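Engineer: To start, I am sharing the structure in question, which I have written as structure tokens.
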């Protein structure tokens, strides 16, 4: 089993347990927090350009 598969299983388990123990809105909050954390991690690693992300969110097309 690869690292990505194990990570996916762990994320799924955390989200499922959150939903079961705390309800739907806690599940949504944890999911959003995980997504924000992943974005921040990719920016810190240099795998995501924040200015390109902002441009994409504003609907601007890249020049490539």
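In our numbering, the protein residues as written are 56 to 119. Where is the CB? At the ideal position from N, CA and C, for every residue including glycine. A quick note: this is a predicted structure, and the numbers were derived from the prediction, not measured.
Between residue 101 and residue 93, what straight-line distance do the alpha-carbon atoms span, to the nearest angstrom?
Structural biologist: Distance between the alpha carbons of residue 101 and residue 93 is about 12 Å.
Engineer: DSSP three-state label for residue 108, please.
Structural biologist: Correct three-state label for residue 108: helix.
Engineer: At which residues does the alpha helix (DSSP H) containing residue 103 begin and terminate?
Structural biologist: Note, residue 103: premise wrong, no alpha helix (DSSP H); not H, not E.
Engineer: Which value, in whole angstroms, describes the spacing of the CA atoms of residue 111 and residue 103?
Structural biologist: Looking at the two C-alpha atoms, the distance is approximately 12 Å.
Engineer: For residue 115 and residue 106, I'd like the C-alpha separation in whole angstroms.
Structural biologist: Cα-Cα distance, rounded: 11 Å.
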